[in-house]
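Asker:
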Amino acid sequence: MLLCALGIFAVLAGDSLGDVITSRDSEKEAQDGNSVSLSCNYSGVVLNLLWYRQYQRSKPELLLSITESGDAVKADPSAHWFSPTVDKLKKLLELEISPAKVSDSAVYYCALRPTVTGNSFPQYIIILHIIA
């Protein structure tokens, strides 16, 4: 049976504006084929929240952008297995992957601003592993 394990790897948080993004959970497991939810809490004033994915030996790719009001724009509109949500009151950003599969093994970034292009704005790094 394949298991999907989510581990929090590192935090890059804080800038002169006081914006911070952190993970809500430190570790999760799910069976292959089930759903898994990646979560981040954020603070500060945001226009868009972003999810990136990076495969081993590849550049990060933008998965989607979502506003605090919940309006999402996916980089690949056919990626129906990614479902983002935002709770503006709790300042909670979530990405549900359903069903989780081996090809979802990657590094995921939740970010307050475009960050993987060299900017130093806050982001949180989440590593998603599929384990046999």
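In mature numbering (1 follows the signal peptide of the UniProt record, and there is no 0), the protein residues as written are -18 to -1, 1 to 114. Glycine included, each C-beta is placed from N, C-alpha and C at the ideal position.
1) Straight-line CA distance for residue 90 to residue 79?
2) CA-CA distance, residue 60 and residue 54?
3) Express the C-alpha separation of residue 32 and residue -6 in angstroms, rounding to a whole number.
4) Which of helix, strand or coil does DSSP assign to residue 1?
5) Which of helix, strand or coil does DSSP assign to residue 28?
6) By Cβ distance, which residues of its chain are closer than 6 Å to residue 70, with the 5 residues on each side in sequence left out?
7) To the nearest angstrom, report how far apart residue 26 and residue 1 are at their CA atoms.
8) Is residue 77 near residue 19, with beta carbons less than 9 Å apart?
Answerer: Put simply:
1) For residue 90 and residue 79, the distance between alpha carbons rounds to 12 Å.
2) Here the C-alpha atom of residue 60 lies approximately 13 Å from the C-alpha atom of residue 54.
3) Confidence at residue -6 is low in this model, with a pLDDT of 36, below 50, so its placement is unreliable and no value can be given for it.
4) Of the three classes helix, strand and coil, the one that applies to residue 1 here is coil, per DSSP.
5) Residue 28: coil per DSSP, three-state reduction.
6) Excluding residues within five positions, the ones whose Cβ falls inside 6 Å are 50.
7) About 5 Å.
8) Contact flag set, yes.
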